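Per my numbering, the very first residue in the sequence shown carries number 1367; after that it's consecutive. Every residue gets a Cβ at the ideal spot worked out from N, C-alpha and C, and that includes glycine. Quantities reported herein were computed from a predicted structural model and do not represent experimental measurements. Working notes, structure below.
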Amino acid sequence: MSVVPLQEVALRLHPQDNVAIAKINLQAGTTLRFHSGQVALGTEEHPCTPIPPHFPPPTLVPVRQFIPSGHKVALREIAAGEPVRRYGQVIGLASQTILPGEHVHIHNLGIQVFAREHTFGVDVQPVAFVPESGQCTFPGYKRADGRVGTRNYIAVISTVNCSAHASRQIAHYFTPERLAPYPNVDGVVAFTHHSGCTNPVGSRDYVLLQRTLAGIARHPNVGAFILVGLGCETNQISDLVENYDLRNHNGILPGCPLGLVIQDLGGIGKTVQAGITAVERLLPAVNAVGRTAQPISELILALQCGGSDSWSGVTANPVVGLVADEVVRQGGTVVLAETPEIYGAEQLLTRRAINPQVGQKLMAQVQWWEQYTQKMGIVVDDNRSVGNAAGGLTTIYEKSLGAVAKAGSTPLTEVYDYAEPVTARGFTFMNSPGYDPVSVTGQVAGGCNLVLFTTGRGSVFGFKPAPCIKISSNSTTYERMNDDMDLNAGKVLEGVDMEEVAAELLDLVIAVASGQPSKSESQGVGEAEFSPWSLGRML
1367 MSVVPLQEVA
1377 LRLHPQDNVA
1387 IAKINLQAGT
1397 TLRFHSGQVA
1407 LGTEEHPCTP
1417 IPPHFPPPTL
1427 VPVRQFIPSG
1437 HKVALREIAA
1447 GEPVRRYGQV
1457 IGLASQTILP
1467 GEHVHIHNLG
1477 IQVFAREHTF
1487 GVDVQPVAFV
1497 PESGQCTFPG
1507 YKRADGRVGT
1517 RNYIAVISTV
1527 NCSAHASRQI
1537 AHYFTPERLA
1547 PYPNVDGVVA
1557 FTHHSGCTNP
1567 VGSRDYVLLQ
1577 RTLAGIARHP
1587 NVGAFILVGL
1597 GCETNQISDL
1607 VENYDLRNHN
1617 GILPGCPLGL
1627 VIQDLGGIGK
1637 TVQAGITAVE
1647 RLLPAVNAVG
1657 RTAQPISELI
1667 LALQCGGSDS
1677 WSGVTANPVV
1687 GLVADEVVRQ
1697 GGTVVLAETP
1707 EIYGAEQLLT
1717 RRAINPQVGQ
1727 KLMAQVQWWE
1737 QYTQKMGIVV
1747 DDNRSVGNAA
1757 GGLTTIYEKS
1767 LGAVAKAGST
1777 PLTEVYDYAE
1787 PVTARGFTFM
1797 NSPGYDPVSV
1807 TGQVAGGCNL
1817 VLFTTGRGSV
1827 FGFKPAPCIK
1837 ISSNSTTYER
1847 MNDDMDLNAG
1857 KVLEGVDMEE
1867 VAAELLDLVI
1877 AVASGQPSKS
1887 ESQGVGEAEF
1897 SPWSLGRML
């Protein structure tokens, strides 16, 4: 039996926490030594300091069973029904008595409802904005409407699933060899989906789909677009154009067709040929738009996580939060999403709302999900995946408390419905499911021109037209999946200062915004991930 200082093998993130997170696999028989008020990982509020001499004798906790790295160990006895705390916050209630040194996980921790105080604006702090002369810049594509793109694509947008094949055939014709004469064009991308016909006109699914497709058509990373439909579908090209004023959008060039209708053109083959001809006419004009120096205030970052583990809320998400704060300081915009993955932590965000109206809009989204899950016969905790649990995340509350760290610390300035155009600057929120492709689709349709995506288990996510930067929460995943991970935030666990890692990530954000391919882009990932939200049993 060995006695080891807690901070060498586990992290206690807040003095009120009654659990610690194992940094390594803890073997039964190991005894953990710590002082009751000691925090094993320094934070701004609770920096690591030497134990003063007046502290009482250390607490000794014998580990009672094998506890995997990333999982929780109880630091004291926790009675049945008593809150279990991590980050100083409640992550659930003990479903049975938990003894000191026991593994705390699904078998003894549940998500019973507990009271949460939803106050508005009490934690709003003024932002120390960077003067324009001191702002970072990147070479971006300035559009006629004033927005700035980080990429320059031509979009082939299917209005209905029935035209998906034709849309893909048109886009895939334009190989790198055929695009070589157009160095300013990043590619031709097909945006296809599984909907567009059976949704009644004006229904929520109909509105969500049209708003998403329109958001892609007028996205700052899209230099031009064509629409492809079958002809008899509910989601008519003409209605989409009229409802979202796409006819006057700068992505439609004079002399080019607004949309291609398979039934009118005489079938798939003729439509594909017409689409190829249309794109060939668009290429010179799209290529004529070059990169010019733009302030990073023109960046709109989608904040996402997927395949999260217990370290995501300790390393990768806080690192992204520091970058989000800096982008906001420089006048830019960040967009948090995945409403089921702020559940149990939404009270931390309402406290940062700039006014009660914004806070109430966020609460309305949370309450919609409560009603939706009840109606569908599911529970919000089902959002937690098999991989999340294997990585040490036990409840949706625990997952959410780590996920909101991506949003940094600046005021919440606005709340948007799915795929709504994001116009406010600063930290904003968009309602969406927690399913990564659907959530990112909404954020990008809203205008996000770059995605920051944290992962602990190892997501291979990518997205077009907005490049995706993946941040690993731990070094093991980063080294195993080096071809897919852009940055290793796991270095924080090895003693590297979090601000140093955040500075590295900000440099990478600027480099990728400037045209450097992300790891997913280098592998061509990102077309299949486009997935508009269709209401159903989805979290």
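For residue i, the three-state DSSP class (helix, strand or coil)
{"i": "Ile1628", "result": "helix"}
{"i": "Tyr1709", "result": "coil"}
{"i": "Pro1623", "result": "coil"}
{"i": "Gly1876", "result": "The identity of residue 1876 in the sequence shown is Ile, whereas the question assumes Gly. Helix."}
{"i": "Val1770", "result": "helix"}
{"i": "Gln1726", "result": "helix"}
{"i": "Glu1410", "result": "With a pLDDT of only 40 at Glu1410, under the threshold of 50, the placement of this residue in the model should not be trusted; the figure read from the coordinates follows. Three-state result, Glu1410: coil."}
{"i": "Thr1600", "result": "coil"}
{"i": "Thr1564", "result": "coil"}
{"i": "Arg1584", "result": "coil"}
{"i": "Thr1789", "result": "coil"}
{"i": "Trp1899", "result": "coil"}
{"i": "Gln1696", "result": "coil"}
{"i": "Val1429", "result": "coil"}
{"i": "Gln1926", "result": "A question about residue 1926 goes unanswered here, because the residues of the chain that appear run from 1367 up to 1905."}
{"i": "Ile1762", "result": "helix"}
{"i": "Val1490", "result": "coil"}
{"i": "Arg1399", "result": "strand"}
{"i": "Pro1661", "result": "strand"}
{"i": "Tyr1445", "result": "Correcting the residue identity first, residue 1445 is Ala in this sequence and not Tyr. Residue state, collapsed to three classes: coil."}
{"i": "Leu1379", "result": "coil"}
Residue j beta carbon less than 8 angstroms from that of residue i
{"i": "Ser1674", "j": "Leu1759", "result": "yes"}
{"i": "Ala1445", "j": "Ser1461", "result": "no"}
{"i": "Ala1654", "j": "Ala1583", "result": "no"}
{"i": "Trp1899", "j": "Gly1808", "result": "yes"}
{"i": "Ala1556", "j": "Glu1893", "result": "yes"}
{"i": "Ala1532", "j": "Ile1634", "result": "yes"}
{"i": "Leu1715", "j": "Leu1728", "result": "yes"}
{"i": "Leu1853", "j": "Glu1870", "result": "yes"}
{"i": "Leu1596", "j": "Ile1628", "result": "yes"}
{"i": "Lys1389", "j": "Val1369", "result": "no"}
Beta-bridge pairing of residue i - partner residues as DSSP gives them
{"i": "Ala1590", "result": "Ile1520"}
{"i": "Met1851", "result": "Answer is none; Met1851 lacks a bridge partner."}
{"i": "Phe1795", "result": "Leu1702, Val1781"}
{"i": "Gln1455", "result": "Arg1452"}
{"i": "Phe1557", "result": "Ile1523"}
{"i": "Tyr1507", "result": "Gly1515"}
{"i": "His1469", "result": "Val1439"}
{"i": "Ser1676", "result": "BP columns for Ser1676 are empty, so no partner."}
{"i": "Leu1392", "result": "Ile1433"}
{"i": "Gly1476", "result": "Leu1459"}
{"i": "Pro1371", "result": "Arg1399"}
Backbone CA spacing between residue i and residue j [nearest angstrom]
{"i": "Ser1897", "j": "Val1804", "result": "5 angstroms"}
{"i": "Ala1868", "j": "Thr1821", "result": "16 angstroms"}
{"i": "Leu1612", "j": "Asp1863", "result": "47 angstroms"}
{"i": "Ile1666", "j": "Arg1544", "result": "31 angstroms"}
{"i": "Ser1839", "j": "Leu1426", "result": "29 angstroms"}
{"i": "Ala1811", "j": "Arg1399", "result": "51 angstroms"}
{"i": "Val1689", "j": "Arg1482", "result": "28 angstroms"}
{"i": "Gly1512", "j": "Val1745", "result": "43 angstroms"}
{"i": "Val1781", "j": "Glu1443", "result": "41 angstroms"}
{"i": "Leu1379", "j": "Val1493", "result": "26 angstroms"}
{"i": "Gln1670", "j": "Leu1441", "result": "32 angstroms"}
{"i": "Pro1661", "j": "Gln1501", "result": "6 angstroms"}
{"i": "Leu1816", "j": "Lys1830", "result": "10 angstroms"}
{"i": "Gly1890", "j": "Phe1432", "result": "41 angstroms"}
{"i": "Asn1614", "j": "Val1878", "result": "30 angstroms"}
{"i": "Val1385", "j": "Met1742", "result": "34 angstroms"}
{"i": "Thr1681", "j": "Ser1529", "result": "43 angstroms"}
{"i": "Pro1466", "j": "Thr1397", "result": "11 angstroms"}
{"i": "Phe1495", "j": "Gln1740", "result": "43 angstroms"}
{"i": "Ser1880", "j": "Tyr1507", "result": "10 angstroms"}
CA nearest to the CA of residue i, picked from the options
{"i": "Lys1885", "options": "Val1826, Glu1736, Asn1474, Ala1651", "result": "Val1826"}
{"i": "Gly1800", "options": "Gly1792, Val1450, Pro1883, Val1770", "result": "Val1770"}
{"i": "Leu1648", "options": "Ala1668, Arg1718, Trp1735, Val1588", "result": "Val1588"}
{"i": "Asp1630", "options": "Val1594, Ala1644, Pro1650", "result": "Val1594"}
{"i": "Leu1901", "options": "Ala1640, Ser1798, Lys1765", "result": "Ser1798"}
{"i": "Gly1515", "options": "Thr1525, Phe1504, Lys1438, Leu1392", "result": "Phe1504"}
{"i": "Val1567", "options": "Gln1535, Asp1605, Asn1614, His1559", "result": "Asp1605"}
{"i": "Val1429", "options": "Gln1455, Asp1691, Gly1395", "result": "Gly1395"}
{"i": "Val1788", "options": "Asn1754, Ile1835, Pro1586, Gly1757", "result": "Pro1586"}
{"i": "Gln1382", "options": "Val1456, Leu1392, Tyr1763, Pro1422", "result": "Val1456"}
{"i": "Glu1895", "options": "Glu1646, Arg1570, His1560", "result": "His1560"}
Any chain B beta carbon closer than 8 angstroms to residue i
{"i": "Gly1774", "result": "In summary, chain B is missing from the structure at hand, where a single protein chain is found."}
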